[in-house]
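The block underneath contains the structure these notes are about, expressed in structure tokens.
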Amino acid sequence: MNKNKKPQPREWKKIALTWKDMLPPSRPSLGDIRVYDSFAKQEIKKGKPFKVLILGATPELRDLLSRYCLLGYDLKVFLLDINPEMIRAMDSLVVIKGKREKKIIGDWLKTPFNNDFFNLVVGDEVMINIKKEERTDLLKEVSRILKPDGAFILRASYVNPRARKFTVKKSLAKYAEMYFQNKLSLTQIMNYLFEEFWELSYFRNKKNLISLKFLENDFKKELVSPGSTKWLLKRFLENSKALFNQYWSWEPKTEQLKRFKKYFKVEQYEAADDYFYSHILSIYYLKSKK
Ligand SMILES: C[S@@+](CC[C@H](N)C(=O)[O-])C[C@H]1O[C@@H](n2cnc3c(N)ncnc32)[C@H](O)[C@@H]1O
-17 MNKNKKPQPR EWKKIALTWK DMLPPSRPSL GDIRVYDSFA KQEIKKGKPF
33 KVLILGATPE LRDLLSRYCL LGYDLKVFLL DINPEMIRAM DSLVVIKGKR
83 EKKIIGDWLK TPFNNDFFNL VVGDEVMINI KKEERTDLLK EVSRILKPDG
133 AFILRASYVN PRARKFTVKK SLAKYAEMYF QNKLSLTQIM NYLFEEFWEL
183 SYFRNKKNLI SLKFLENDFK KELVSPGSTK WLLKRFLENS KALFNQYWSW
233 EPKTEQLKRF KKYFKVEQYE AADDYFYSHI LSIYYLKSKK
């Protein structure tokens, strides 16, 4: 979460509880994991023993790494998250319980690890949790703890310029229709509505932030205007209570790439294609420049 507005433990508990109902884009898809796998494999097959750090506690990444362990690779996996509630909640979503995971509570910006400690660092949508002014510090810290031939693999979203034209009304109408036509489940719709509102919210403030809070007036207007999508909005607002007052940070693709290049060489990047908006959520394979 954005550090200006770090949620209190009680709020985290609520967010952690909603995580099981989150789908891509909020969580990595099977296609995303395939891309992570194709990049990580190139590193993991290089050496042993191999130390990996997950920024966060992403269940899908933990399962991916546990699969390498089952295949006989000698991996030592560390998790680093500031929030014990989130780690506990993510533990319950992991499929393959990794016996060799070391869970650490701590800040990504000030990690407790020595220089050159890890062969690989992975993270899913970690950049949005760090405010713009501190994003370069995060990259510097990851570079510090990576070995000189190490890699950082992360899914990182960037501003969708087309979202400037989104409206709450149009998104509700589009997804209500998809629901009536049985094209998407209600859970999928909740996730896609969240994504579209998030993307639109970037254009409603000057601080490079994204938050449902910036659309409060749009939601109020929609709730009193005539139309047949109020049921969907009410359901969305009820479902999103825990996320309503949270702020994340965003930047355009070119700025993000420039930032990566300060500490890393961009080896490859690729986006999955198995969910809406995957094109703004590339997975980057960055090699240390040390
Ligand atoms: C929305 S959540 C989950 C996102 C992530 N994809 C995952 O699955 O772990 C973001 C996670 O990042 C953690 N987090 C945010 N900022 C952090 C920081 N500066 N240091 C450590 N953990 C942080 C939160 O505690 C939370 O578990």
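My numbering puts the first residue of the sequence shown at -17, with every later residue one more than the last.
Here a beta-carbon is modelled for each residue, glycine too, at the ideal position from N, C-alpha and C.
The structure presented is a predicted model; accordingly, all values stated were derived computationally and were not measured.
Closest Cα partner of residue i within the set the options
i      : options                        : result
PHE148 : SER125, GLU181, LEU168         : GLU181
LEU215 : GLY29, LEU197, ASN227, SER231  : LEU197
VAL141 : LYS122, LEU121, ALA224, PHE185 : PHE185
GLU178 : ASN187, TYR157, LEU91, SER207  : TYR157
PHE242 : LYS269, PHE32, ASN221, TRP90   : LYS269
LEU194 : ASN221, THR211, SER207         : ASN221
ASP3   : ASP255, SER167, GLY209         : SER167
ASP289 : TYR55, VAL108, LYS27, LYS122   : With the chain covering only -17 through 272, there is no way to say anything about residue 289.
ASN173 : PRO6, ALA(-2), THR0, LYS(-5)   : PRO6
LEU97  : VAL76, LYS122, LEU128          : As written in the sequence, residue 97 is Asn, which differs from the Leu given in the question. Here the closest residue by C-alpha is LEU128.
THR169 : ARG217, ALA138, SER139, SER153 : ARG217
As assigned by DSSP and simplified to three states, the class of residue i
i      : result
GLY29  : coil
ASN142 : coil
PRO208 : coil
TYR229 : coil
ILE78  : coil
LEU53  : coil
One or two residues paired with residue i in a DSSP bridge
i      : result
LEU35  : PHE60, VAL103
ARG137 : ASP106, ILE265
LYS165 : In DSSP, LYS165 forms no bridge with anything.
LYS85  : LEU61
GLN170 : Paired residues: none, contrary to the question.
ILE192 : TRP230
GLN250 : TYR267
LEU128 : PHE100
Per-residue burial, residue i [other beta carbons within 10 Å of its own, 16 or more giving buried]
i      : result
LYS247 : exposed
PHE258 : exposed
ASN101 : buried
GLN238 : buried
PHE60  : buried
ASP255 : exposed
THR236 : exposed
GLU233 : buried
Segment contact flag, the segment 66 to 82 with the segment 20 to 39, C-beta cutoff 8 Å, min 3 pairs: Yes, since at least three Cβ pairs between the segment 66 to 82 and the segment 20 to 39 fall closer than 8 Å, the two stretches touch.
Evaluate the contact criterion for the segment 79 to 99 versus the segment 9 to 29: three or more CB pairs, one atom per stretch, below 8 Å. Counting Cβ pairs under 8 Å, fewer than three are found: no touch.
With a threshold of 8 Å, are at least 3 pairs of Cβ atoms found where one atom belongs to the segment 129 to 138 and the other to the segment 11 to 31? As far as the Cβ criterion goes, the segment 129 to 138 touches the segment 11 to 31, which means the pair count is three or higher.
Are the segment 154 to 174 and the segment 202 to 219 touching by the rule of at least three beta carbon pairs closer than 8 Å? Under the three-pair Cβ rule at 8 Å, the segment 154 to 174 counts as touching the segment 202 to 219.
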